[in-house]
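K.L.:
Residue numbers 165 to 373, in the numbering used here, belong to the letters of the sequence shown in order.
Even for Gly, the Cβ is constructed at its ideal location relative to N, Cα and C.
Given the structure is predicted, the values throughout are model-derived calculations rather than measurements.
One structure follows; several queries about it will come next.
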Amino acid sequence: MENRQNTGLKKRKLLRTVREQEPAIKEMCQALKEMESKVKNLRDDNNRLRGELLDKDRQLAVTRTLLVDRERQLTKTQTLLADREQQLEARTLLVDTKEFETEILRLKHLLAEKNDTNNYAALVSPETITEVIQKQTPVSPARTPVSNRTNTVQSSVNAIVHHGSFQDEAREQDCCRRGVRTSGNGADESSCNCVYHMLVESLVIFTEE
């Protein structure tokens, strides 16, 4: 009988305890549910972040590929730029060479003109004039008056003498100066040794004939 009473008492105490702790148990169950929801959200966030990370990895791979392509393009551009610079230098050198060749041709032309001038001066030198006069056939005095022939010869002599350059004039003076010397009897022999005097004397003799 007492055992039954003790057992009934224990049951009542247990029920009382359960009733007292029921709100706490409900709170714990609610907290557990909320925790499970949070864990689920965290898992979803984790999966989402993993997906974003994979996308970033793919973008990084694409960016690296683009970077490699840009580096190759940059290398090609630098190579093309170096080739263009070499071509520009070659063209500049070609232009300089053409200008140099043009200048050389101009100088050669000037040298040729100078040589032609020197050759012409040699043709009108006293020695050449003397040789030409010696080879000429005398004109009959009856055809031309003596005064006219004298004037013509004198004009020819003046034209020939004045047509030469200053260098020829200086050479003429040197010739005359070098030709001046005195013979044993004191006579001046300059007119016999100067070519110009010989030319004038020959023309005078020619006019007197």
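Taking the alpha-carbon positions, what's the Glu263 to Leu269 distance?
P.N.:
10 Å
K.L.:
Note down the Cα distance separating Glu186 from Met192, rounded to an integer number of angstroms.
P.N.:
Their Cα atoms are separated by approximately 10 Å.
K.L.:
Please report the distance separating the alpha-carbon of Leu379 from that of Lys204.
P.N.:
Outside the shown range of the chain (165 to 373) lies residue 379, about which nothing can therefore be said.
K.L.:
Hey, how far is the Cα of Glu235 from the Cα of Thr229?
P.N.:
10 Å
K.L.:
Taking only the alpha-carbon atoms, compute the straight-line gap between Arg255 and Leu275 and give it to the nearest angstrom.
P.N.:
Spanning the alpha carbons of Arg255 and Leu275 requires a straight line of approximately 30 Å.
K.L.:
Out of curiosity, what's the CA-to-CA distance linking Leu258 and Glu265?
P.N.:
10 Å
K.L.:
Return the CA-CA distance between Asn211 and Asp219, expressed in angstroms with no decimal places.
P.N.:
12 Å
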